[in-house]
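Following: one structure in structure tokens, then a few remarks.
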Amino acid sequence: MPSYNIGSVVTCRDRQWVVLPPDHADVVRLRPLSGNEDEVCGVFKKLGLEIIESAEFPAPQPEAIQDRQAALLLMDAARLSLRNGAGPFRSLGRLSVYPRPYQMVPLLMALRLSTVRLLIADDVGIGKTIEAGLIAREMLDRQEIKRLAVLCPPHLCDQWQRELREKFHIEAVVIRSGTVGKLERSLPAGNHHVFGYYPHIIVSLDYAKSDKRRASFLVHCPDLVIVDEAHTCSRPSGQSASQQQRHQLVNEIAAKQDQHLMLLSATPHSGIEESFLSILGLVKPEFAAMNLEHLSEQERTKLANHFIQRRRADVKQWLGNETPFPERLSTELSYKLTREYRELFNEVYDFARGLVKGVTDEMSYAQKRGRYWAALALIRCVMSSPAAAVATLSKQVEKREVGEQLEEEAIDEDLMASYIYDPTEQEQSADAQPTLAIEQGQQQYRDSDRRKLKAFVVVAEKLYGAKDAKLQQAIATVLTLLTEGYHPIIWCRYIATAQYVAKYLGDVLKQKLDKKGDRLRVLAITGEQSEDEREIFLKELASYEQRVLVATDCLSEGVNLQEHFSAVLHYDLPWNPNRLEQREGRVDRYGQKASEVKCALLCGQDNPIDDVVLKVLIRKAVKIHRSLGITVPVPMDNANITERIFNSLFEYESAGVQLSIFDSGSQLALLDAEMNRIWEQAEEKVSRTRFAQRAITSEDVQQELIESDRVLGSATEIERFVRSACGRLNASLIPKTIQKRPCWLLPNIPSEIASMLTPTLGDRQKLSLSFVSPTPDGVEFIGRNHPLVESLARYLLEDVLSNTVNPVAARCGFTVTDAVTKRTTLLLLRLRHLIDSPKQGLKEDKSLLAEECLVVGFTGSTSNPIWLEQSEALRLIETAEPVADPPSLGLVRSDMRDLLESMEDLQEELELIAKARSQDLAQSHRRVRAITKEGQVKVKAQLPMDLLGVYVLKPK
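Take the sequence shown: its position 735, counted from the start at 1, is 715 in our numbering, and no numbers get skipped.
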């Protein structure tokens, strides 16, 4: 079987195809002329069963002549069907998201590196997922990688799968404990592994980190690995076995010198320098030994090649393009405990203080620590809600024979901290009640102690509802937020609290706002549910006009909630400012539809614990965020700070000491002053050392962003195409307004494309849509790669190439217009280029196939054409309106037939146009490569061009 040039047209199986770059020397890869990638096939040459012959692109036929609108429809369909863009950024044709200008910067950084090693640490809500996905898509389209893996916490797997599929056209499977069985059953016979068989995988860090699975993952590790929430993979400062396993996994991945690796984290610096350096060491081992306080200029330059960290102020106004981040409105809402709740709190505080202050020298270290953790657990669950108190204490009132167990087994400090504090370095937050922590003190409980615990349960059970001032304040706040049009999230520390709040809040809201029961929904999402169940609950909530999400911190890290929620109420104060920012960052991020998001801290005005946490930790973090626009982590070990706070508090015999605990000279006053100094140093250091990549300027990417718009098609052009196509298929869009925003209703799915859309839309017959993102609730965003656009473009192209009688779009057109003064001929062309792009580190050089559409025009005859500027030709096909009826159909067809027969006269001129376009593209590539420091590129036009359409504009 002879060889065929990449990009040439051939016939096989009674159909015409375009030859694609091969994956294997013995296989010819073919794609239909329409560009439908779902029908790409391969022909194994050695079998000799298929006959492939050279062919020519079919010429337009004069029988089906239509107007300029039908011509414009074909141009839009052809352009929107392109996937292998010809510009320097190959991926743009496959994106369903419009990258913000600043999101191109990490891509430029990646292209500079022969082996991609990046730490992307942009602030919460800026769009790290889009930046990473853009790099992955570009590397796939340049054939620099074949496989991709995302390592992330298990609760983010489905979100990553959705983002990659919907925004980047990357189909990946999720591998975690709940899915691996089904995936393994789908493996073909033979020696296949789930980590190696599927091209693109999203793997739960929790699943992959074990010794056995880690080894398997390393054997089958894809070319590019993205690690999300990378701060959970730092080298632990304590004895966390789980975090040690995560660090070991990523460290062994990074040990491969040719391994592409991207680390993503909004909070890479947890406040502990050693942990941050361990993350930098994953990027390049030499970075782990750097002194960040005294970086030399050379070290700073080296680090800047691999590290980007920007705040919103750095990107909000960039390249004259404003990114619409919402404004965060933060408030504190106080409540005063009811008399009954206050009495319970005082008694629990005294009991907890007794546990801590009652330690003796005879007790072992484990026993002393057990009493400390039990004391904190008691206080925290009672502060959270009566339901948390009951759920925690009711299991601990019976006398149990613990024996000397604690003498033999050391306290797992990291486990205890996960139940009491709010550590953010863990892969999953622990939201179960701190029962285990209270068990640690049981060895020293007397019978009288157990009677007190039982009495606490009895009292707490009587505090549900009306006697819980915290709950009542939350209900009043949520009522106000809903009335103002907000959709709030209520963050709770424990599962029992979330379920308690959801029940009472739901009852009140339905009675006051939704007596019919069909407009409002309140749901609790906690760690009790699986990731799949949480997805289902979120989808259910999103379908309601008014909705309230009550959640534990199982959703506070990495999950995108900005599309359906716009306010935050911290029902339980976090004891870690990093957790505060993670919670609020779920709604305060790019893509938020509301211009303002409200964030409220609920705190007890007569609760000394809340008072100290607010003063020493939370308010300082909020103040810095307001002044710098960034999050500064607690500048020392958070657990150490919290322990010092409570050791200082327990010096006071009564919980009713709120006004005096910060008296001059007190332990808490000294700690507060020390924290002030440390916060100020951290604030100054962070504002000074952020790696905002200002060396890459707006001018560096301006031309390429213009190219991006030309390739992708603007929202206006996509809207024009969908409206025109649907109108011609008897499904005209109907304008409507939703939440004061202009949208469209597709009243019925055109029958011609219904089967193509079934996998995406199911049995939906109507669709509310918008061409501008973010969209109102319940409205689907239609970008260039949305299945609706893809299906319409595919159908129109296949129809126009096979139907020569009455196609929907037009390959031939004749318009009488006053837009021209001379007879003008417009040609719609599709041009393929071969791009040879050697890059250091690739095993072999490969030719890439790129495509684009051109509109060219001329006046005069084909034997002596006077060519228009390409911008003028494009303007005419887009705007030339008919002002009179054309001559008779017979005359027009005869005219068009003569024109088509004379097209051979233009062959040399068209070849010159194609070669000039290749030179322009080569210059565009060189402009980007001057930034990325890549090798030279060669661009060669694959001739002849496809003549998609011929259109005549005749002056009136």
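Every residue gets a Cβ at the ideal spot worked out from N, C-alpha and C, and that includes glycine.
Per-residue burial, residue i [other beta carbons within 10 Å of its own, 16 or more giving buried]
i, result
"Gly793", "buried"
"Glu849", "exposed"
"Glu419", "buried"
"Glu43", "exposed"
"Gly338", "exposed"
"Gln223", "buried"
"Gly(-13)", "buried"
"Asp591", "buried"
"Thr247", "buried"
"Tyr178", "buried"
"Ile359", "buried"
"His286", "buried"
"Glu381", "Its pLDDT being 42, under 50, Glu381 is placed unreliably by the model, and the measurement read from it follows with that caveat. The residue is exposed, with fewer than 16 neighbouring Cβ atoms inside 10 Å."
"Pro739", "exposed"
"Asp186", "buried"
"Asn844", "exposed"
"Gln491", "exposed"
"Leu324", "buried"
Bridge partner(s) assigned by DSSP for residue i
i, result
"Lys716", "Cys723"
"Ala129", "Ile181 and Val205"
"Val752", "Note: Val752 sits in no beta bridge, so no partner."
"Tyr931", "Gly793 and Leu806"
"Gln46", "Gly793"
"Gln491", "DSSP output for Gln491 lists no bridge partner at all."
"Gly837", "Leu806"
Whether residue i touches residue j by CB criterion (8 Å)
i, j, result
"Ser771", "Ile733", "yes"
"Ala454", "Ile475", "no"
"Glu831", "Ala66", "yes"
"Pro12", "Arg(-5)", "yes"
"Leu829", "Pro68", "no"
"Ala790", "Ala39", "no"
"Pro866", "Val796", "yes"
"Leu88", "Glu118", "no"
"Leu747", "Leu726", "yes"
"Phe175", "Arg74", "no"
"Leu535", "Arg527", "no"
"Gln542", "Val502", "no"
"Ile45", "Arg873", "yes"
"Ile815", "Val917", "yes"
Straight-line gap, residue i to residue j (C-alpha atoms, nearest Å)
i, j, result
"Gln585", "Lys316", "6 Å"
"Val207", "Val539", "15 Å"
"Ala116", "Ala449", "51 Å"
"Glu760", "Leu749", "5 Å"
"Thr477", "Val362", "10 Å"
"Leu709", "Ser166", "39 Å"
"Val205", "Arg700", "39 Å"
"Asn765", "Ser827", "25 Å"
"Val908", "Asp121", "16 Å"
"Ala649", "Thr912", "53 Å"
"Pro722", "Asp757", "13 Å"
"Val932", "Ile893", "20 Å"
"Arg812", "Leu309", "52 Å"
"Ala354", "Ala90", "49 Å"
"Ala371", "Gln413", "7 Å"
"Val85", "Val77", "16 Å"
"Pro81", "Arg59", "22 Å"
"Arg944", "Leu560", "As shown, the chain starts at -19 and ends at 936. That puts residue 944 outside it, with no answer to give."
"Ala921", "Asp402", "59 Å"
Touch test, the stretch 221 to 238 against the stretch 152 to 161, Cβ-Cβ under 8 Å, three pairs minimum: no
The stretch 796 to 815 touching the stretch 835 to 854, judged by at least three CB pairs closer than 8 Å: With contact defined as three or more Cβ pairs closer than 8 Å, the stretch 796 to 815 and the stretch 835 to 854 are in contact.
Three-pair Cβ contact test at 8 Å for the stretch 91 to 104 versus the stretch 139 to 157: Taking a cut-off of 8 Å on C-beta distances, the stretch 91 to 104 does not touch the stretch 139 to 157, as fewer than three cross pairs fall below it.
Sufficient close CB pairs (3 or more, under 8 Å) joining the stretch 475 to 493 to the stretch 119 to 137: No contact exists between the stretch 475 to 493 and the stretch 119 to 137.
The stretch 567 to 583 in contact with the stretch 543 to 557 per 3-pair CB rule at 8 Å: yes
Cβ contact (3+ pairs, closer than 8 Å) linking the stretch 497 to 517 and the stretch 134 to 141: yes
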